[in-house]
Structures are given as C-alpha cells and as structure tokens.
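Undergrad: Provided herewith is a single structure, encoded as structure tokens, for subsequent inquiry.
4 protein chains.
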Amino acid sequence: MTEELTDLRVAVVGVGMMGADHVRRLQTRTAGARTVVVADAFPATAEKVAAAWPGVRVATDPLAAIADDEVDAVVIATPGNTHEELVSACLERGKPVLCEKPLTTDVESSLRLVEAERATGRRLIQVGFMRRFDPEYAALRSLVESDDLGRPLMMHCAHRNASVPPYFTSEMVVLDSLVHEVDCTRFLLGEEITAITVLHPRSRRDVPDGLSDPTFALLETESGALVDVEVNVATGLGYEVRTELVAERGTAMIGLEGGPVVARGGAGSASRGRSVPPSFKERFKAAYDLEFQAWADAARRGTATGPTAWDGYAATAVTTAGVEALRSGQRTEVRLAARS
Amino acid sequence: MTEELTDLRVAVVGVGMMGADHVRRLQTRTAGARTVVVADAFPATAEKVAAAWPGVRVATDPLAAIADDEVDAVVIATPGNTHEELVSACLERGKPVLCEKPLTTDVESSLRLVEAERATGRRLIQVGFMRRFDPEYAALRSLVESDDLGRPLMMHCAHRNASVPPYFTSEMVVLDSLVHEVDCTRFLLGEEITAITVLHPRSRRDVPDGLSDPTFALLETESGALVDVEVNVATGLGYEVRTELVAERGTAMIGLEGGPVVARGGAGSASRGRSVPPSFKERFKAAYDLEFQAWADAARRGTATGPTAWDGYAATAVTTAGVEALRSGQRTEVRLAARS
Amino acid sequence: MTEELTDLRVAVVGVGMMGADHVRRLQTRTAGARTVVVADAFPATAEKVAAAWPGVRVATDPLAAIADDEVDAVVIATPGNTHEELVSACLERGKPVLCEKPLTTDVESSLRLVEAERATGRRLIQVGFMRRFDPEYAALRSLVESDDLGRPLMMHCAHRNASVPPYFTSEMVVLDSLVHEVDCTRFLLGEEITAITVLHPRSRRDVPDGLSDPTFALLETESGALVDVEVNVATGLGYEVRTELVAERGTAMIGLEGGPVVARGGAGSASRGRSVPPSFKERFKAAYDLEFQAWADAARRGTATGPTAWDGYAATAVTTAGVEALRSGQRTEVRLAARS
Amino acid sequence: MTEELTDLRVAVVGVGMMGADHVRRLQTRTAGARTVVVADAFPATAEKVAAAWPGVRVATDPLAAIADDEVDAVVIATPGNTHEELVSACLERGKPVLCEKPLTTDVESSLRLVEAERATGRRLIQVGFMRRFDPEYAALRSLVESDDLGRPLMMHCAHRNASVPPYFTSEMVVLDSLVHEVDCTRFLLGEEITAITVLHPRSRRDVPDGLSDPTFALLETESGALVDVEVNVATGLGYEVRTELVAERGTAMIGLEGGPVVARGGAGSASRGRSVPPSFKERFKAAYDLEFQAWADAARRGTATGPTAWDGYAATAVTTAGVEALRSGQRTEVRLAARS
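Residue numbers (the working numbering), protein chains in the order written: chain A, 120 to 459; chain B, 120 to 459; chain C, 120 to 459; chain D, 120 to 459.
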C-alpha cells in the first residue's frame, strides 16, 4: 500500500450550515479524503456534527484542530473576521487549507496572508470561489483562453437571489454577492479589475431598511474591458446567474440552463420553460463537489489549486473599493499591491 | 362604393435604398395604399423607381410631390437634415406623414415640428421607429403595461451590427444606432430618459479611424430605472438585438429567436443553434410591413399612429446629450421642454 | 393608371368565423385586393359581415357571387362537402380561387377538380394550407431544397391543440388535424406519401366519446423516409406545432419559438420560459396574411400559387387511407392516380 | 475508527477502455472506495492499468479477483458473454457487483441471475445503466413520479451517435444503442414494455454493410403508452440524446442542453448555439461519477442500488424481441417471466 493511497485527514473548522455540508461532502463525495476533527465556536454544534459521522472527533478549539497531529489539511468555514488567524495557523504548520470566501475582511490582512504563504515557499491556500469549478464557467474560461472569439471587450453579468435575511444591507450586497462576480470577472478575463462604480436604480419595495435592490456595478479591467453587473438579492423567484462575454469575434453566454423543459397550463395561460433553481446550493452542487475533489487531490500532494491567496486579496480589494463607490456614488479606482 | 375604400395615394420623398423599399412595400404589402408620386434629389433615381411600378409618376422636387393634389399622404426617407422643411410642408397641407428617423437632426427643429403639428389641431406625424411594431417588442410593452411583473427597475439592451461603412464614427453610433435603444427604452418603460452616460471599453481592432467599438451607454429614467446598453457595430457576425427587462416580480427577455434550430458538424466540432440574421432588414421585415399598414390605416382616416413627433423630439434630445456625454466621458442630463 | 394597379375584386363565399376573418384580412391586410361580395348559407351572417365593411355587397347565393361580373376572384370558406361544386363554378368562369382545406372530402371529387383545372389550361386553384407560408416552415423547406443537410431520412412532428368541440371524433383528428402534417410532410420533403399507419396509445381521460387522444401516425414516403406524428387535440394547454427533420448530415427543428422569455415565481416554484399561444390563429397569424397576399398577387395576374389542386387531392388521398388505417389498426398503402 | 469509514476494496474485472476508466473513477472520484485488484483476459492490459495506480494488484484471472479475500465488491466491464459466470461468482461469495450492461446476452441467463440473486436473500447486483443517474433523466423521473403532469401517454426519444466501428450491424444498433432507450423507457415510465416494432427508413449512404441507419423503433408499454425512438449511429456530428414525455396535463423534454451559447461568424453565415458533445463520455461524465458513488455507498452497506438484475433481464428481453422485430419487420410481443 503506497503513501498516495492514504486518505487525506481533514479538520473542518466552523461547522454551521456551510461547514456541516462540507463535512458531508468530504465523507460521501470526495475520493481520498475524510474528516477526522471538527471544531466550532459553539461546542454543541461541533458535537452534533461529529455524532452524525463515525470516526469524527471534536477539537476543543479551532487552533487545536489545526495543530492536531492526525490532521493533514484544513477546511475553514468560520466567519470572515477569524480567517486571518486560522489561515495563518495552517501556514505555520505547513498544512493545505481550503478557506471559504472572503479570504479576510480587509485588504491589509489579505495581503499579509499572501506574503505569509509566499514565505513558506509553497502554495498552501485555496479560496472557496466555487464557481471556478462549475462546468459552465470552466467552459467559458476555456473559450477565452482558446482565443477562439478573440479579445474580450465587454461582459454582462446578472446575479439573482430569491431572498436575503432581514439584516442584509447594500454593503453586504457588495461584499457577499457582488464578490462572486468580481472573482468571475478576474477568472474569466484573466486580468485585474482597476475601477468600480456602484449605482442603484429605484429599489423594489418591501426590502429591509438599509437595502436598495437591485444594484448595478460597472467594473473596468486592466486591458480596458467593461463589465456591467446586475445584482438582485430579493427577486422572490429563485437563483439565477448569467454571464455573457462580448469578444472581438463573437459572444458567449452561460447560465440559461436548467432541467426539463416543461409545458403546462396555468391560470389563463400556458407556458413552456424551465424551473429556476431555488438557491445557489442546487445551482452549484456539482461545482462544490468538484472544488472539494480538486482541493483534496492537491492537498494529498501537499499543495493547493484553484483560487489563490492573491485571488482572495484582489477580490477583497475590489469589494472594499466597491463599498467606497457605493457610498460616494463615484467611480472608484482599485489599487493593488505590487505583485512581487 | 364608399370613401373609405378609396386607396390612400402616397408620395414617397427620397427613394434611395430605404425609400425604394418603402415604395415596394406600399405597392405589394400595404392594404389600402399605393404610391402615386416619387421624388428624389437625384432625378435619375426617381425615374428608375417610377419605371419599376406602373402608375407611379416622378415629381420635379420633393415639395412639389408633397403639394401634389393627387397625393393624400407622404413618406419621407431623405437625409435627416431635410426633414424639418419636408415635414413642415406636410403639416401646412394637412397631410399625414411617415418620417424616417431621426425626426430632425437637432433638438430645436424637432421641437418646432412638435409645436407646428400641435398648431394644426391634429395628429399628422408618425416617426419611423419601426421596432415598436415588431411583435416581440410589442409583446414586451404589453407585459409592462399589464403590470404582471410589477414595476420596471432595470433593463439590459444589446444591439449588434455586422459592419458599418468606413466613414462611420463613434458619434454616428450614438445618433444612428443607440437612438433605437433610446426609443425602445422610452416605449417599453413608458417614461422619459433623464440622463445618459456613454463609455468605451477597449475597441476591437480593424475599425475605421474615429470609431471605437463597442460602445456602452447607461440611461436613467424619470422613475429611476437604469438601462445599460451595449452597441456593437462591427461584429462581423450579423444583426442581433436583445432586451431584458428586470422588474419587481420577474424578468422578461426578447431577441433570442430565429429560424430553425440546426445541428450540423464542422471543422472539428458539431453545434446546434440558429442562424443570426445578416441585417436589420431580415430581422425587422415584418415590423416594417406592420408599421406601414398601421400608418396607412391611420392616414386614410386623416391622422397618424405609433411614434409621435414628441417621441422624435425626445429621442433627438437624448442622443444630443449622448454625443455630449461621449465627448466628456461624463454623465449628462437630458433636459426636455415642458410638455404643454 | 395601368391595369396592374386595379384592385382585385374578391367574392368571399362562406363568412362564418373563418370566412369573416378572411374578409377582414382582405380589407385591411392585403395589398391590391378587396372584398366586393359575400355570400353565406345563412343570409343573416352574410348581411352582418357586409354591414361591417363599406363597399361590400351580399349575393343571393354562392353561385351568384362567383358568377358576379364585378368579381375577379373567389375565396371559399364553406364546409368541405360544398367545395367541389363551388370550385368547379370558379373554374368554369376562369376565376382564380383560394379554397380552404380540404379541397374536397373524398378522393374522387378532388381528382375531378385536378382534371377540370387542367382542362382550363391554366393554374386557378390554391388550397388553403397556410403553413407553407409560415416563415419557419418556409425556412425549413428552403433548407431541404438547399441540400445543405443532405437527404431527408426521418421527420418528427408534433401537433397539439388545447381543446376540441364535444362532437370531435378520432376520424376528425385524421381529417382535420393530421391533414396539416400530411401536407407539411409533402411540402417539406417534396415527395408523395406512400403508406400510413395510425395507432392510439391509451387516451387521456375526460375526452368526448368517440375520441381517443393523443393519436400516433407513421407516414412513409416515396424515397423511403419515415415520418412519425403525434397529434394531441385536447391538451388543455395551448397550440404547439413542432417539426424536426433528420437528414444525412444534420437535423433541423422548428416550432420551439414564442414571445418573451419570462421568469416569474409561482406556487412553490419559479420558472423561466415562453407562453404557448392559445390557438392556431395566434401561431399562424402572419402565415395567413402572407398566404392571402401571395394569392392576391397571383390572382391579379390571373393565376394561382402555393398549394395546388394536386396537393389538395394528395392530402385527401392520404387522410382517406388514414381513416382506413385508423379503423384497421394496420399499415395502409396510399394509391395515387397517375400524374399525367 | 469505525467500520463504516473503511474504504470499500474493489476488484475491477475487464480493464479495457471502459474498465480502465472505471479504475480511474474509483481512485479519483469515488469517496469511500478504491480499486485493489484488476484482472483482464489480456494480462498485459491488466499490468498496465495496475502500474498506473499505486496499491493496485493484478489477479491471475477474473474469478481469482472476485474470490480474493481482500476484495469487498466487484465491477465487471468484460464482454457481455462472460457476465453470467462472473456475476454468478460474485453472488456465490455474497459480494456486491456493478455489472456493465447488458446483464447477459440472452434472456435465459439473465433470468438465471435474477433467480440466483433472489436465492441469496439480498440485493447484490447493480446493472450499469448510467443514464438513471444523469441529473436530467433523474429530474424527468421525479416529474413523472410527482404526477404533476398526469399520466404518461407517449414519449419521443432520439439517440444520435457520431460514428460506429466498421463492424457495426443493425442488430448491434438494437442490442447496444436501443437498449439504453429501452431502459430509460422502463425507468421513466415505471412499467414494462410489452411489444416492439423496428423499422428502417432509407439509410444514409456510406455506412458499413449490414448496417442501415437510422433506425426507428416503436415501444408499447403495459399501460398502453407509445414510445417512438430514433436511433442514429453514424450522424458524423456528435452525441445527442433527447426525450420528450407527453402526459395528460403537459409535456417535458430533456436533452436540449450543453455549455455556452456561442455566437460566431462562419462561411457566409453567422449562428448562435451550443456545442454538441462528441460522445457519451462527455455527455454522461457526471452520471458515471454519480453511479459509482451511489454503488460504492450501497456496497459498503453490503447491498446494491439503482438498476436491478430484473431491469437487466427485462432490457435483454426487449432487445431480444427487438432483434426478432428487426428481422421480421413485424410488431413483436415481449413476454417476460412472472415476477415472483
């Protein structure tokens, strides 16, 4: 039995709704990896998850889970403001880490992680931008890389959620929702975002105070491409994401799909069409599985793949500028550190 | 035999490519109307068109055609800088007129026509925004009017031409292409545009000097709706127009259609899809026919229907502001005259 | 004023729902033609239609309308069992006639009309298979003619109606509904049908006695192509027709289209799709207009275009065999007269 | 460490193209399972596969691999005529087995396996009809089960391959290609097939002797539903499967999908559409992964899931009748053993 066949032993730190789902994913959908330790700020939560999966222990605290000698790699699904400390602990011990987005909640700490990883001499951090593993997004990226349609000039993005919790604000739209379009833009076009403008049309009614919905953003990139983004977080409908690339020799759109095309009657009219998935979980189910498999494969080799710490830093830099743009109503430049 | 059954006798002024096609449309596709006189700045052009259709005479000049006693109504398809004089002549004689867009080339003259028509006490002017007669645009307008999807909040428009003549400039993109999206926005949303921003991403290469392509425009409306527009005039592909409405309770998209869905093989890959029509002529063939029939029906009753002189004026006001926005790179407000 | 510009003076015989709509179409949508006389088995019906349109007179009976000296051409929209007599009267007077389908209700009388027309030495009969004028069907026919996809091998057809009157029987499905797919097969493939099989799956419940719905038919053609047909006449939904050609080098499908793609919420789920038109009237509105314009253009030249008397005969021959196949449950050969 | 966490140790018997891919799938995409032994009729083939994956041994022969004490479960990907012996050996040792389709190549041996499994008192056999794990097919099955569209009445299936090897015959079309539609029909409608008719339209040219392509089949089910099937094995295009259910209260279609919708120019025309996947491997990539994960999950519990031995038997019974129908050109009844 050779070393490569040994399962990756994973600590999952933060086992709320998302983290608990990641435990399930590791145990039942990821080849060559299994959760051995879980930790959570609420011990009862950790106990409950551990009880559901034979062979999973509870660590006293997140840092103990990361330090555990029987842990080879770490998944972090705690709130963003804890990420710097936890990811740093992983780096110190040379353990590959899959950190849910955002990498951290401010530009400076993200950059510190970029530098701390570089100091280890290895790639250890993967940020949880799962869309990069979605077959449709991956196919669009391949199309751009193939240069088949020529240089990208514009991109149109729409991001629609059925609903948000009552405490959701317009800033959270930028930090939690728009951030996905920011990462997709960087991923699909393969370049940095240099400026952002955030505007609001009149809002739908019946949204929480502090929230104006939808949101319009305009992203500019290094090469001069323009990306317009619609973010709608309270449509009442379901979850839809759509991206259309406009390039020199053609266009390409993803996100029109779904399951069966059903024709049925209704109140006074008949229609033929597809169901809209209720949430990102259904839409990106396969992407999450692929993301974890790719991470586990890389972690077993002692490294990481997919979105880098720099990707996490750059996304935070753009959304930070986005919040400033939201407040000022003005085009705001994004200034990234030099990429040494 | 009653008066209503008498055919409308039409003068077509300007019989270049577009005007000649309008003559054909009147003779062969429009019930209750026929061309009796044509005029053109180039007499040989007028002679050639008249020779093709029995019963069509050539007038010595456009004003003579309009004044002709045997002419009941007028179609104007001359360059925009002649429109004020010609439309005014129609108004003076109380003759219904279908004037190709733009109504006139500047705001002041358009407003003078609005006032001159009002002074006649009748509706006589119809502006040639043919898209309003396209079944898809009409269905989207009906959907907005039904309030079925609630209040409009945003709209996404794309307008793509395969190619433009070598003398085409970025200002002409605003005046000749963007103007259609301006009118559609006003038509679909049923309100005025209050501000416009025009930006350029990096341009495709191999376009004429003075042209940057594509163009991005952002329109704001009275109610606070935001409309983003992509105009692409040299895609090398074909003609595509697409509009997606984002409203409080749903979205609606038009422009995805075409003819047969064909699957076939190709160089190394197979695909399944639809042909993109080569130009606006194929895409809006039915719309032009419907526009002319609606105009003829109204003109036989001594009046006009569809896009009004005010619609022509408002479109000119927005595109004039658009050219200013293009030059300044700044958001530019649109100031309309009071609508007395 | 030359002869060509004179409007075609039309008699419309049979002005029930369909015929009355044809009068409207002639008066308001057909260039160069106008109704001058109407006749109907119910004089009150004819009076009502005539009263709605200035300049339209009522004839004492259909034959009087056809014989009228001020009538140049005739539209027949009476029940099928009257067609032979009425079309014959048109042929005797050398008047172009647009006869609604079926040409006649039995093979022998249809063939007599084919021969009677041939004896006049002119093409005078056009049968009302309006689908041939639908832009989608026409585009599919053009594709077949272009040989771009190679030889046709199979075709899949679906024909779905929302509902039928309570007296509708399975035989009427063959005679009134399937007949359209029969004509489309002949039109699209450009060859005769040689055999027909008609089968029934279990029926939907809640249909009238004497009706089994849906119906499956299998058509075989001269060249050996196989065409399977689903006819559904009581779906409760709306009107859908779809045809997919399977050829040597590719496939082509028509009938997926509609208006705006609308996303909206609903009872527990959200969907994105298109409205299904309620009936053939909405689906083939443009086709009817194009059919009438083409007929009027030909009739003004003293002839006819589109579906011929032979097309009407061949369709009747196939549906007659179809009724036999329905009764026997067996594959039934279609035997056509020699085409002299 | 509890028992449940122990990886399932798998023998893969037959490691040609398909079996070797299954080894890769177990090693890199299936949680909780790993290949420990491979065997093949060609020892060099087995050696090559084993060399590629650390920890995989080569067994002297298939029966030795099945008997191996360190093997918990077996995947069989050898030719169909070996399946009875190999599956029987698995049953004798009480080992769960995933057997590629067909279960066996004749009705009698399939039935013997059904009975042999029953004698073990456990469910141990899963047949490799992977489509049942495809998200689209699964969604359509759920829709039928929900009764949302009412009782199924008809189904239309199309199955298109780009090409087949030169030795492919019309009988192999029935046994290797049509068998998938047979299983899908049984799966989607949840009932047995009672009769089959197989017909050929004229064939495309340039196909091997002994092959007529395409093939048309008509399946009848217990409830009286009719299923028409187009099988096209040499389209030169790519791989497409499509199924449309026609039910009492609506219709549902799967198989229209693909990746990005790309618009691009071409030789004289522009089109907008999707790529057709080159083969079943791309189309059913996710389905195979899901099939193996579901099998491994069940096998770790000592049982099986998905398509049963009876499903394998019933499919063989239908395709056996299909070959008879192909030869006779007649409707052929399918007679299944009593399901004790």
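C-beta: ideal position from N, C-alpha, C; glycine also.
Please say whether His-278(D) and Val-168(D) have beta carbons closer to each other than 9 angstroms?
TA: No, they are not a contact pair.
Undergrad: At a CB-CB cut-off below 7 angstroms, which residues of chain A make contact with Arg-391(C)?
TA: The answer, in chain order, is Gly-392, Arg-393, Val-395.
Undergrad: Between which residues of its own chain and Leu-217(A) is the CB-CB distance below 6 angstroms, once the five residues before and five after are set aside?
TA: So the list reads Val-194, Gln-245, Trp-414, once near-sequence residues are dropped.
Undergrad: Specify, as a first and last residue, the run of the alpha helix (DSSP H) that Glu-401(A) falls within.
TA: That run of the alpha helix (DSSP H) goes 399 to 402.
Undergrad: Please report whether the beta-carbon of Met-291(C) lies at a distance below 9 angstroms from any beta-carbon of chain D.
TA: So no, Met-291(C) is outside the interface.
Undergrad: Can you list the residues of chain C that Glu-300(B) reaches, using a CB-CB cut of under 7 angstroms?
TA: In chain order: nothing, as chain C lies at least about 17 angstroms away.
Undergrad: Taking Leu-356(B) as the query, report the chain A residues whose CB atoms sit under 9 angstroms from its CB, ordered along the chain.
TA: Near Leu-356(B) (Cβ distances below 9 angstroms), the residues of chain A are Arg-368, Gly-369, Thr-370.
Undergrad: In the DSSP assignment, what residue or residues form a beta bridge with Ala-186(A)?
TA: Looking at the DSSP assignment, Ala-186(A) forms no beta bridge with any residue, so it has no partner.
Undergrad: Among Leu-318(A), Gly-343(A), Gly-269(A), Ser-342(A), whose alpha-carbon lies nearest the alpha-carbon of Asp-332(A)?
TA: It is Leu-318(A).
Undergrad: If you measure from the beta carbon of Val-381(C) to each beta carbon in chain A, is any gap under 9 angstroms?
TA: Yes, Val-381(C) counts as interfacial toward chain A.
Undergrad: Identify the residues that DSSP records as bridge partners of Asn-351(B): which are they?
TA: According to DSSP, Asn-351(B) bridges with Arg-279(B).
Undergrad: Spell out whether any CB of chain A is found under 9 angstroms from the CB atom of Ala-353(C).
TA: No, its Cβ sits nowhere closer than 9 angstroms to a Cβ of chain A.
Undergrad: Does Leu-307(A) come out as helix, strand or coil in the three-state DSSP assignment?
TA: Leu-307(A) falls in the helix class under three-state DSSP.
Undergrad: How many angstroms separate the CA atom of Ser-447(B) from the CA atom of Asp-347(A)?
TA: Ser-447(B) and Asp-347(A): Cα-Cα distance of roughly 20 angstroms.
Undergrad: Per DSSP, which residues does Ser-394(A) bridge with? Please list them.
TA: Beta-bridge pairing links Ser-394(A) to Ser-390(C).
Undergrad: Bridge partners of Leu-345(C), per DSSP?
TA: Met-273(C), Glu-339(C).
Undergrad: Would you list, in sequence order, the uninterrupted alpha helix (DSSP H) runs of no fewer than 4 residues that lie entirely inside the segment 230 to 271 of chain C?
TA: Those alpha helix (DSSP H) runs which fall completely within the segment 230 to 271 of chain C and span 4+ residues are 254 to 265.
Undergrad: Helix, strand or coil for Leu-127(B)? Go by DSSP, reduced to three states.
TA: Looking at Leu-127(B) - three-state DSSP - the assignment turns out to be strand.
Undergrad: By DSSP, does Leu-375(D) sit in helix, in strand, or in coil?
TA: In this structure, Leu-375(D) counts as coil in the three-state DSSP scheme.
Undergrad: What residue range is occupied by the uninterrupted alpha helix (DSSP H) comprising Glu-363(D)?
TA: Element bounds for Glu-363(D): not the alpha helix (DSSP H) but the beta strand (DSSP E), 359 to 366.
Undergrad: Within the same chain, show all residues whose beta-carbon is closer than 6 angstroms to that of Thr-239(A), passing over the 5 residues directly before and after it, in chain order.
TA: Excluding positions up to five away in sequence, the list reads Leu-210.
Undergrad: Buried or exposed: Glu-300(C), going by 16 or more other Cβ atoms within 10 Å of its Cβ?
TA: Result: buried.
Undergrad: Tell me the DSSP secondary structure of Ala-436(B) in three-state form.
TA: Here Ala-436(B) sits in helix by DSSP.
Undergrad: Just to confirm, does Ala-353(B) get its C-beta within under 8 angstroms of one of the non-hydrogen atoms of the ligand GDP?
TA: Because no ligand of any kind appears in the structure shown, any question about the ligand GDP cannot be addressed here.
Undergrad: If you compare alpha carbons, which of Ala-371(A), Ile-185(A), Gln-449(A), Val-352(A) is closest to Val-80(A)?
TA: Given a span of 120 to 459 for chain A in the structure shown, any question on residue 80(A) remains unanswerable.
Undergrad: Pull out every residue of the segment 212 to 245 of chain A whose Cβ sits closer than 8 angstroms to any Cβ of chain D, in chain order.
TA: Against chain D - using a Cβ distance shorter than 8 angstroms - the segment 212 to 245 of chain A contributes no residues.
Undergrad: Which residues of chain A have a Cβ atom closer than 9 angstroms to the Cβ of Phe-335(B), listed in chain order?
TA: Residues of chain A passing the Cβ test: Met-273, Leu-337, Leu-345, Asp-347.
Undergrad: Assuming Ser-282(D) and Ala-178(D) make a contact with CB atoms under 8 angstroms, what is their CB distance in whole Å?
TA: With 8 angstroms as the limit, Ser-282(D) and Ala-178(D) do not qualify as a contact, their Cβ atoms being about 34 angstroms apart.
Undergrad: With a threshold of 7 angstroms on Cβ separation, who are the neighbours of Arg-420(D) within its own chain once the five nearest residues in sequence on each side are excluded?
TA: Excluding sequence neighbours, Arg-420(D) sits near nothing in its chain.
Undergrad: Using the beta-carbon count (16 or more within 10 Å), is Pro-327(D) buried or exposed?
TA: With fewer than 16 other Cβ atoms within 10 Å, it is exposed.
Undergrad: Is there a C-beta anywhere in chain D that falls below 9 angstroms from the one on Ser-282(C)?
TA: Taking Cβ atoms only, chain D never reaches closer than 9 angstroms to Ser-282(C), which makes this a no.
Undergrad: Leaving aside the five residues before and after Glu-123(B) along the sequence, list all residues of the same chain whose C-beta is less than 6 angstroms from its C-beta, in chain order.
TA: With a pLDDT of only 48 at Glu-123(B), under 50, the local geometry of the prediction cannot be trusted, and the value read off the model is given with reservation. Answer for Glu-123(B): no residue qualifies.
Undergrad: Whether or not the segment 268 to 277 of chain C and the segment 360 to 369 of chain C are in contact is what I'm after, with contact meaning three or more pairs of Cβ atoms, one per stretch, closer than 8 angstroms; do they touch?
TA: Result yes; three or more Cβ-Cβ pairs closer than 8 angstroms.
Undergrad: Taking Cβ positions only, does Leu-455(B) come closer than 9 angstroms to chain A?
TA: Judged by the 9 angstroms Cβ criterion, Leu-455(B) is not in contact with chain A.
Undergrad: Which class does Val-380(B) belong to by DSSP, given the choice of helix, strand or coil?
TA: Here Val-380(B) sits in strand by DSSP.
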